[in-house]
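Below is one structure, written out as structure tokens, with a few remarks after it.
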Amino acid sequence: MRNDASHAALSDAEELGHEARAGREDHAMLRLWLRMLASTTQIEAEIRRRLRERFGISLARFDYMAQLYRYEEGLKMRVLSRYLMVTGGNVTGLTDELERDGLVARAHSPDDRRSWIVSLTPKGRASFEAMAKEHEQWILEMFSGLDMKTVRQMHAQLGQLRVHVMRSEPAGEEG
Numbered sequence: 010m011r012n013d014a015s016h017a018a019l020s021d022a023e024e025l026g027h028e029a030r031a032g033r034e035d036h037a038m039l040r041l042w043l044r045m046l047a048s049t050t051q052i053e054a055e056i057r058r059r060l061r062e063r064f065g066i067s068l069a070r071f072d073y074m075a076q077l078y079r080y081e082e083g084l085k086m087r088v089l090s091r092y093l094m095v096t097g098g099n100v101t102g103l104t105d106e107l108e109r110d111g112l113v114a115r116a117h118s119p120d121d122r123r124s125w126i127v128s129l130t131p132k133g134r135a136s137f138e139a140m141a142k143e144h145e146q147w148i149l150e151m152f153s154g155l156d157m158k159t160v161r162q163m164h165a166q167l168g169q170l171r172v173h174v175m176r177s178e179p180a181g182e183e184g
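Our numbering puts the sequence shown at residues 10 to 184.
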């Protein structure tokens with residue numbers, strides 16, 4: 010795989026990133042993993058940059074708002090934490106910031122007085138919709154070098170990989 014055109018182009022541009030860790034003698038699956046990691050890291054960095062530049066917002070805040078956008082009735086903070094795969098403390102800090110900015114509201118859960126339900130305010134919903142529209146265009150732009158057949162195949166194959174990894178994890182262990 011060291012001889013593929015993309016590796017040469019990335020090397021010439023000094024953009025190998027994680028792929029620089031792999032050698033010719035390394036297993037193809039290790040090289041694939043490093044390419045996936047490098048691709049994800051590169052795309053995420055660009056999304057972070059654009060969100061900060063265009064909207065003055067972090068990717069963590071965008072992801073938080075994206076989860077809430079799907080649930081008009083709001084989510085318990087514990088559930089939101091699980092969806093975002095972060096600690097409760099992280100969600101509390103983001104909630105405090107977004108509430109201060111008028112983008113989310115917090116209310117006591119009607120069925121559990123110890124729980125809070127967080128939802129987007131009308132201002133938060135409108136703000137997220139504007140960001141999400143541009144975010145989608147950025148993703149389309151970044152992936153435009155792939156044809157739809159390839160996109161569908163990669164999606165299906167990565168789904169198979171995720172299921173395999175999930176089934177391979179020892180019970181009770183997480184990331």
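Every residue, glycine too, gets a C-beta built ideally from N, C-alpha and C.
Cβ-Cβ separation, residue j to residue i (assumed contact under 8 Å), whole Å
| i | j | result |
| --- | --- | --- |
| Met-74 | Phe-137 | 4 Å |
| Tyr-78 | Arg-134 | 7 Å |
| Glu-55 | Met-163 | Contact flag wrong, Cβ pair sits at about 19 Å. |
| Lys-132 | Gly-111 | 5 Å |
Distance CB(residue i)-CB(residue j) smaller than 8 Å
| i | j | result |
| --- | --- | --- |
| Val-127 | Val-113 | yes |
| Arg-70 | Leu-107 | yes |
| Lys-158 | Ser-124 | no |
| Met-140 | Phe-64 | yes |
| Gln-6 | Leu-68 | Any answer about residue 6 is impossible in this case: the structure gives the chain only from 10 up to 184. |
| Gly-102 | Arg-87 | no |
| Thr-104 | Arg-122 | no |
Continuous alpha helix (DSSP H) stretch holding residue i: start and end
| i | result |
| --- | --- |
| Leu-155 | Here Leu-155 belongs to no alpha helix (DSSP H), and DSSP marks it neither H nor E. |
| Arg-79 | Neither: Arg-79 is in no alpha helix (DSSP H) and is coded neither H nor E. |
| Ser-48 | 37-64 |
For residue i, the first and last residue of its enclosing beta strand (DSSP E)
| i | result |
| --- | --- |
| Val-95 | Per DSSP, Val-95 belongs to no beta strand (DSSP E) and is neither H nor E. |
| Ser-118 | 113-118 |
Checklist entry - Curious, which full-length alpha helix (DSSP H) runs of at least 4 residues does the stretch 129-153 contain? => result 131-151
Item to check | Touching by the beta-carbon criterion (3+ pairs, under 8 Å), the stretch 139-152 and the stretch 49-65 | outcome: yes
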